[in-house]
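In the working numbering, the protein residues as written are 20 to 372.
Okay, structure coming up:
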């Protein structure tokens with residue numbers, strides 16, 4: 020229901036007390052990432068190192084309402100699911116600023132990891148192991164009726180030993196409903212499913228029906244990238260890649276893939292969403308492929324680890340796309356950060372905004 024001025028009311032921020040962060044116990048260190056609507060910092064909460072996402076409220080009443088609603092929706096989803104391949108959610112607070120706190124992953128993004136390997140490729144079993152991590156995270160989300168909508172290497176984070184991938188960034192995630200109309204052209208063009216476009220360019224904010232199969236398409240592009248360690252649709256801009264996929268049914272070349280992997284990739288990026296497999300089937304196909312290439316196949320998918328918020332265990336949930344510890348590769352000190360913790364390595368939370 021809209022308000023008198025045409026602006027939709029903000030969604031309710033109802034958070035169980037066990038997930039409410041006390042800002043007095045939150046300390047903020049160096050900035051490790053920044054997006055259009057938030058900044059992410061390395062920090063500490065109750066003596067544990069964490070990633071702290073601070074969300075901008077916006078300048079106009081419309082922006083404030085939109086961002087507060089998005090924040091409330093994101094936090095609600097973070098408390099809903101847990102899985103070993105989803106970034107662990109620690110808590111959130113809305114005042115004095117909107118904050119989401121998650122575990123801090125030290126391995127960086129999958130994008131950064133792949134680029135560091137070029138022109139080489141990942142070992143095929145490592146690549147498929149990563150793909151299984153991603154597929155299991157997505158299967159968990161879909162089992163809770165959640166569509167991620169922005170699956171790409173920048174939103175996939177590695178543990179410090181670079182052996183496990185965790186899915187992050189719930190900024191664009193939405194709960195799936197058969198009757199809901201969702202904003203099209205959501206996500207990042209190069210990895211977006213073609214049904215997110217109409218036969219003509221959609222006007223800003225226009226709505227279009229789609230379902231969880233958009234994530235299967237994005238997964239196919241990521242899987243192709245894991246195997247080849249090349250940017251999909253290389254030589255094209257993001258918009259050119261999206262146009263080619265949506266209007267010309269162009270896909271990356273899968274001819275050099277082993278037959279079993281080619282089947283997985285091409286079935287996931289089919290033009291007809293109904294023809295794409297769900298993630299339970301994708302996991303089975305990946306495990307089947309691994310069983311033919313390795314004497315020690317990847318362990319079976321841990322569906323039982325995908326629990327809801329009623330579980331007695333602390334939840335494992337996705338965080339944000341910048342929740343990686345971007346170490347200062349250049350060796351430069353982050354402005355405002357003390358040289359050692361004894362002098363106050365982490366500045367007080369209140370000094371961050």
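Every residue gets a Cβ at the ideal spot worked out from N, C-alpha and C, and that includes glycine. Computed from a prediction, not measured in an experiment: that's the story for all the values here.
Contacting residues, own chain, Cβ-Cβ under 8 Å from residue i (five flanking each side not counted)
i          : result
residue 44 : 64, 65
Burial state of residue i, where buried means 16 or more other Cβ atoms lie within 10 Å
i           : result
residue 312 : exposed
residue 266 : exposed
residue 2   : Since the displayed the chain opens at 20 and closes at 372, residue 2 lies outside it and no answer follows.
residue 237 : buried
residue 80  : exposed
residue 213 : buried
residue 258 : exposed
residue 39  : exposed
residue 115 : exposed
residue 139 : exposed
residue 158 : buried
residue 49  : buried
residue 152 : buried
residue 52  : buried
residue 278 : exposed
residue 197 : Note that residue 197 has pLDDT 38, beneath the 50 cutoff, so the model's placement of it is unreliable and the number below is only indicative. Residue 197 comes out exposed.
residue 287 : buried
residue 234 : buried
residue 294 : exposed
residue 41  : exposed
residue 37  : exposed
residue 169 : buried
Beta carbon of residue i nearer than 8 Å to that of residue j
i           : j           : result
residue 248 : residue 130 : no
residue 280 : residue 262 : no
residue 128 : residue 175 : yes
residue 208 : residue 146 : no
residue 134 : residue 71  : no
residue 99  : residue 163 : yes
residue 230 : residue 296 : no
residue 254 : residue 178 : no
residue 181 : residue 132 : yes
residue 298 : residue 187 : no
Whole-angstrom C-beta distance between residue j and residue i, which should lie under 8 Å
i           : j           : result
residue 105 : residue 156 : 5 Å
residue 109 : residue 122 : 7 Å
residue 283 : residue 302 : Contact flag wrong, Cβ pair sits at about 10 Å.
Neighbourhood of residue i by C-beta, 6 Å cutoff - its chain only, sequence neighbours within 5 removed
i           : result
residue 271 : 243, 251
residue 210 : 171, 237, 240
residue 90  : 74, 117
residue 285 : 273
residue 345 : With a pLDDT of only 39 at residue 345, under the threshold of 50, the placement of this residue in the model should not be trusted, and no figure is reported.
residue 232 : 292, 295
residue 264 : 213
Cβ neighbours of residue i in the same chain (closer than 7 Å, five flanking residues each side left out)
i           : result
residue 83  : 76, 77
residue 150 : 242, 245, 305
residue 86  : 56, 74, 75, 76, 77
residue 290 : 213, 268
residue 69  : 62, 63, 109, 120, 121, 122, 123
residue 276 : 246, 284
residue 112 : 39, 40, 42, 118
Ordered list of alpha helix (DSSP H) runs contained in the region 30-115, each at least 4 residues: 80-97
Only counting runs of 4 or more residues, tell me where the alpha helix (DSSP H) segments fall wholly within the region 236-301, in order along the chain. 257-266, 278-287
So within the region 117-158, which uninterrupted beta strand (DSSP E) runs reach at least 3 residues, ignoring any that extend past its ends? 117-122
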